[in-house]
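Report on the structure given below.
In our numbering, the protein residues as written are 3 to 472.
The structure is reproduced here in structure tokens:
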């Protein structure tokens with residue numbers, strides 16, 4: 003029992019994508035995962051005889067015809083219109099000049115598999131375009147605890163600056179196109195299903211709902227039409243042709259029970275309502291994408307909702323983040339939004355704050371005390387690490403002479419500013435006060451020493467890094 007539960011749990015997690023890197027969204031999954039699964043399950047269901055017996059069983063007034071021969075003949079070749087005088091249940095009543103043949107009953111299983119393949123096309127297109135980008139960016143940073151967070155932030159920031167910044171608008175628009183393609187394919191699937199069922203599908207689900215909304219005494223009346231029996235009749239007629247004993251044609255009229263349609267009618271009712279759901283959600287998604295493309299404020303609003311716990315009033319970096327998101331390209335925003343679904347939330351909040359202050363800082367905003375649990379020293383270290391890596395990549399391409407010039411320029415620019423200047427000034431001002439006790443003066447002296455040592459350590463670390471590069 004425990005093993006069965008474990009298998010079921012594993013299968014459910016695989017189906018729902020638990021633990022996988024997300025490269026799309028819930029609406030997209032409805033099309034390529036839930037819809038495809040629904041079609042595959044339906045195809046297996048209608049092709050498995052154990053649920054409803056044989057697909058067709060026929061009989062004639064005489065027993066001179068072998069049952070297997072009669073069933074095979076009627077299944078493959080006969081027309082299934084019942085005479086208008088027939089008063090039995092669940093037969094086709096809308097008899098007109100057009101004969102209803104059984105051809106589409108035989109193809110239902112294959113038709114459903116073809117539908118499943120159709121809805122997987124946008125997924126294939128997106129996988130080819132995505133190319134594993136999201137898995138590469140978020141590797142090692144998706145868990146509850148991120149080890150070596152500073153180093154990974156620096157690496158991620160470097161990759162974002164070099165390989166992604168202002169280069170992935172086509173990436174975003176490809177995904178938007180796949181979302182639009184999903185809606186187009188639903189509409190296309192509705193019309194090909196309508197043709198497949200002899201032009202009886204467009205209002206099929208609504209007709210079934212209206213029929214079962216009638217009182218029971220109305221439904222059993224002879225003139226009341228059951229739409230499920232019109233599209234998938236359970237009782238049908240068959241004309242069996244054979245040669246008699248004298249060599250002439252001998253025609254036999256048989257009545258057949260189509261057990262297969264006990265499943266088909268319900269499957270296509272579910273498909274009809276599922277298509278309606280997909281169209282509604284798909285259109286909503288397209289409208290929302292249009293607003294995102296047209297307005298950077300909408301994009302910022304969505305990012306803020308996604309990271310609500312870290313983008314509140316307590317975050318002093320929100321002005322930097324807001325400026326960056328409002329001014330970045332649609333490609334940058336989409337990549338960051340996809341990353342926010344996969345990265346550790348706190349790690350992503352720190353990363354986007356660093357990105358906002360380093361990649362495209364707002365010159366009108368004065369530096370602020372970091373609020374997302376990292377210090378000015380950490381910002382300096384990560385920024386220095388990132389800029390060093392960027393300069394390395396460019397120096398390799400420009401030759402030895404340009405490399406030396408870049409290193410000299412970097413040596414001048416990498417001299418760390420003293421992040422404790424304001425604190426030192428406050429201590430100097432306080433140390434001149436005459437009202438301080440001897441113990442307070444001793445504490446101020448110790449504070450000066452600690453700040454000086456910290457500043458010297460930062461300078462030494464910068465020099466060590468320069469020596470290593472040389």
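A virtual CB, placed ideally from N, CA and C, is assigned to each residue, including glycine.
Since we're looking at a predicted model, the values are computed, not measured.
Could you tell me the alpha carbon to alpha carbon distance between residue 302 and residue 325, rounded to whole angstroms?
On the chain shown, position 300 is the one that residue 302 refers to. On the chain shown, position 323 is the one that residue 325 refers to. Taking the straight line joining both Cα atoms gives about 9 Å.
With DSSP collapsed to three states, give me the class of residue 487.
There is simply no residue 487 to check, as the chain begins at 3 and stops at 472 in what is shown.
Would the segment 338–357 count as touching the segment 135–144 if we require 3 or more Cβ pairs under 8 Å?
yes
Below 8 Å on the Cβ atoms is my guess for residue 128 versus residue 241; work out the distance and round it to an integer in Å.
Position 126 of the chain shown holds residue 128. Position 239 of the chain shown holds residue 241. Incorrect: roughly 52 Å between the Cβ atoms, too far for contact.
Segment limits, alpha helix (DSSP H) that includes residue 340:
Working through the chain shown from its first residue, we reach residue 340 at position 338. Unbroken alpha helix (DSSP H) run through residue 340: 332–344.
Is the beta carbon of residue 148 less than 8 Å from the beta carbon of residue 313?
Mapped onto the chain shown, residue 148 falls at position 146. Mapped onto the chain shown, residue 313 falls at position 311. No.
7 Å Cβ shell around residue 180 - same chain, five flanking residues per side excluded:
For this step, residue 180 is matched to residue 178 along the chain shown. 124, 127, 128, listed in sequence order.
Between the alpha carbons of residue 210 and residue 29, how many angstroms are there, rounded?
In the chain shown, the residue the question calls residue 210 occupies position 208. In the chain shown, the residue the question calls residue 29 occupies position 27. So the two alpha carbons sit approximately 27 Å from each other.
As a quick exercise: from 298, 202, 33, 24, pick the residue whose alpha carbon is nearest that of residue 279.
As a working note, residue 279 is residue 277 in the chain shown. Nearest of 298, 202, 33, 24 to residue 279, Cα basis: 33.
Evaluate the contact criterion for the segment 280–289 versus the segment 175–191: three or more CB pairs, one atom per stretch, below 8 Å.
yes
Answer yes or no: do residue 76 and residue 231 have a C-beta to C-beta separation smaller than 8 Å?
By one-based count along the chain shown, residue 76 stands at place 74. By one-based count along the chain shown, residue 231 stands at place 229. No, the pair does not count as a contact, with Cβ atoms beyond the cut-off.
For residue 239, list the residues DSSP reports as bridge partners.
Here residue 239 is taken as the residue at index 237 of the chain shown, counted from 1. DSSP output for residue 239 lists 257 as bridge partner(s).
Would you tell me roughly how many angstroms separate the C-alpha atoms of residue 418 and residue 365, rounded to the nearest one?
In the chain shown, the residue the question calls residue 418 occupies position 416. In the chain shown, the residue the question calls residue 365 occupies position 363. Reliability of the predicted coordinates at residue 418 is poor, the pLDDT of 43 falling under 50, and the value obtained from them is presented with this limitation in mind. Residue 418 and residue 365: Cα-Cα distance of roughly 20 Å.
Nonlocal neighbours in the same chain, by C-beta distance under 8 Å from residue 144, ignoring five residues either side:
On the chain shown, residue 144 is found 142 positions in, with the first residue counted as 1. The answer, listed in chain order, is 23, 344, 345, 346.
Tell me which residues share the same chain as residue 284 and place their Cβ nearer than 6 Å to its Cβ, disregarding the 5 neighbours each side in the sequence.
For the purposes of this step, residue 284 is taken as residue 282 along the chain shown, with counting starting at 1. Taken in chain order, the residues that qualify are 184, 185.
Might you give, ordered along the chain, the residues of its own chain that have their beta carbon closer than 6 Å to the beta carbon of residue 267, omitting 5 neighbours on each side?
For the purposes of this step, residue 267 is taken as residue 265 along the chain shown, with counting starting at 1. The answer, listed in chain order, is 230, 234.
To which residues of the same chain is residue 288 closer than 8 Å at the C-beta, ignoring the five residues directly before and after it?
Counting from 1 along the chain shown, the entry for residue 288 is found at position 286. Within the same chain, residue 288 has close Cβ partners 181, 182, 185.
For residue 62, which beta-bridge partners are listed by DSSP?
On the chain shown, position 60 is the one that residue 62 refers to. DSSP output for residue 62 lists 256 as bridge partner(s).
DSSP beta-bridge partners for residue 244?
For the purposes of this step, residue 244 is taken as residue 242 along the chain shown, with counting starting at 1. 252.
To the nearest angstrom, how far is it from the Cα of residue 402 to the Cα of residue 306?
Counted from its first residue, the chain shown places residue 402 at position 400. Counted from its first residue, the chain shown places residue 306 at position 304. Reliability fails at residue 402, whose pLDDT of 48 lies under 50, so the model's placement of it is uncertain and the value that follows must be treated cautiously. Looking at the two C-alpha atoms, the distance is approximately 45 Å.
To the nearest angstrom, report how far apart residue 31 and residue 140 are at their CA atoms.
Sequence index remark: in the chain shown, residue 31 carries index 29 (1-based). Sequence index remark: in the chain shown, residue 140 carries index 138 (1-based). Rounded to the nearest angstrom, the two C-alpha atoms are 20 Å apart.
Find out if the Cβ-Cβ distance for the pair residue 290, residue 328 is shorter than 8 Å.
As a working mapping, residue 290 is identified with position 288 in the chain shown. As a working mapping, residue 328 is identified with position 326 in the chain shown. Going by C-beta atoms, residue 290 is not nearer than 8 Å to residue 328.
Helix, strand or coil for residue 231? Go by DSSP, reduced to three states.
In the chain shown, residue 231 corresponds to position 229, counting from 1. Three-state result, residue 231: helix.
Tell me whether the beta-carbon of residue 334 lies closer than 8 Å to the beta-carbon of residue 167.
Mapped onto the chain shown, residue 334 falls at position 332. Mapped onto the chain shown, residue 167 falls at position 165. Taking 8 Å as the Cβ cut-off, residue 334 and residue 167 qualify as a contacting pair.
Quick check on the burial criterion: 16 or more other C-beta atoms within 10 angstroms. Buried or exposed for residue 114?
Along the chain shown, one-based indexing puts residue 114 at 112. Buried, by the Cβ-count rule.
Could you name the residues of the same chain whose beta carbon sits closer than 8 Å to that of residue 199, not counting the 5 residues immediately before and after it, in chain order?
Counted from its first residue, the chain shown places residue 199 at position 197. Closer than 8 Å at Cβ, skipping near neighbours: 106, 206, 233, 270.
Have a look at 47, 355, 151 and flag the residue whose alpha-carbon is nearest the alpha-carbon of residue 263.
Residue mapping note: residue 263 aligns to position 261 of the chain shown, counting from 1. When each option's Cα is compared against that of residue 263, the closest is 47.
Selection from 320, 239, 356, 319 that minimises the alpha carbon distance to residue 79
The residue given as residue 79 occupies position 77 in the chain shown. Of 320, 239, 356, 319, the residue nearest in Cα terms is 239.
What's the C-alpha gap between residue 276 and residue 67?
Looking up residue 276 in the chain shown gives position 274. Looking up residue 67 in the chain shown gives position 65. One C-alpha to the other measures close to 44 Å.
Using C-beta distances below 6 Å, list every residue in its chain close to residue 294, excluding the 5 sequence neighbours before and after it, in chain order.
Sequence index remark: in the chain shown, residue 294 carries index 292 (1-based). Closer than 6 Å at Cβ, skipping near neighbours: 300, 301.
Near residue 2, what residues of its chain come up, given a Cβ to Cβ distance below 8 Å and the 5 sequence neighbours on each side ignored?
Outside the modelled stretch of the chain, which goes from 3 to 472, sits residue 2, for which no answer is possible.
If we require 4 or more residues per run, which alpha helix (DSSP H) segments fall completely within the segment 139–185?
151–161
Alpha carbons only, please: which of 70, 227, 208, 74 is nearest the one belonging to residue 92?
For the purposes of this step, residue 92 is taken as the residue at position 90 of the chain shown. Among 70, 227, 208, 74, the Cα nearest to that of residue 92 belongs to 227.
Taking residue 323 and residue 358 to be in contact with their CB atoms under 8 Å, please state how far apart those CB atoms are, rounded to whole angstroms.
Numbered from 1 along the chain shown, position 321 holds the residue referred to as residue 323. Numbered from 1 along the chain shown, position 356 holds the residue referred to as residue 358. The pair is a contact, with the Cβ atoms about 5 Å apart (cut-off 8 Å).
Confirm, please, whether the CB-CB distance from residue 351 to residue 320 is below 8 Å.
The sequence position of residue 320 within the chain shown is 318, counting from 1. The sequence position of residue 351 within the chain shown is 349, counting from 1. Going by C-beta atoms, residue 320 is not nearer than 8 Å to residue 351.
Report buried or exposed for residue 274, applying the criterion of at least 16 other Cβ atoms within 10 angstroms of its Cβ.
The residue labelled residue 274 in the question sits at position 272 within the chain shown. Classification of residue 274: buried, given that the 10 Å Cβ count is 16 or more.
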